[in-house]
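Trainee:
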Amino acid sequence: VLTQLMSFNFLLDQAGGATFALDAERQQLALSVCQGLGHLDAIDFANLLQGFIAAAVDWQDKIRRL
14 VLTQLMSFNF LLDQAGGATF ALDAERQQLA LSVCQGLGHL DAIDFANLLQ GFIAAAVDWQ
74 DKIRRL
């Protein structure tokens, strides 16, 4: 499962521009996105946040099925 998740980080296209990270000690998987604030207006930020939330929900379902 971890190999599969890490392969989704490649070119950032499988996770909607976000990346996966693993905290093995806490047994947690994180999905994160990094975007410079200087390039975002309010509408772009809202779109980024909405897309990130949609990706997080989608990946939560996919990971549960794995």
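What the sequence shown shows, in the numbering used here, is residues 14 to 79, in sequence order. For glycine and all other residues, C-beta sits at the position ideal for the given N, C-alpha and C.
1. Could you compute how far the alpha carbon of Arg20 sits from the alpha carbon of Gln63?
2. Can you tell me whether DSSP reads Leu61 as helix, strand or coil?
3. Can you find the residues in the same chain that come closer than 6 Å, C-beta to C-beta, to Leu18, ignoring five residues on each side of it along the sequence?
4. Quick check on Ile56 - is its C-beta less than 9 Å from some C-beta in chain C?
5. Can you tell me whether Asp71 is helix, strand or coil according to DSSP?
6. Just to confirm, are Leu44 and Ala31 a CB contact at a threshold of 9 Å?
Mentor: With the given structure in hand:
1. Strictly speaking, residue 20 in this sequence is Ser, with Arg absent from that position. In a straight line, the C-alpha of Ser20 is about 24 Å away from that of Gln63.
2. Note: Leu61 maps to helix in three-state DSSP.
3. For Leu18, the CB contacts under 6 Å within the same chain, skipping 5 residues up- and downstream, are Phe33 in chain order.
4. Chain labels in this structure do not include chain C; a single protein chain is all it has.
5. Three-state result, Asp71: helix.
6. When the beta-carbon positions are compared, Leu44 and Ala31 come within less than 9 Å of each other.
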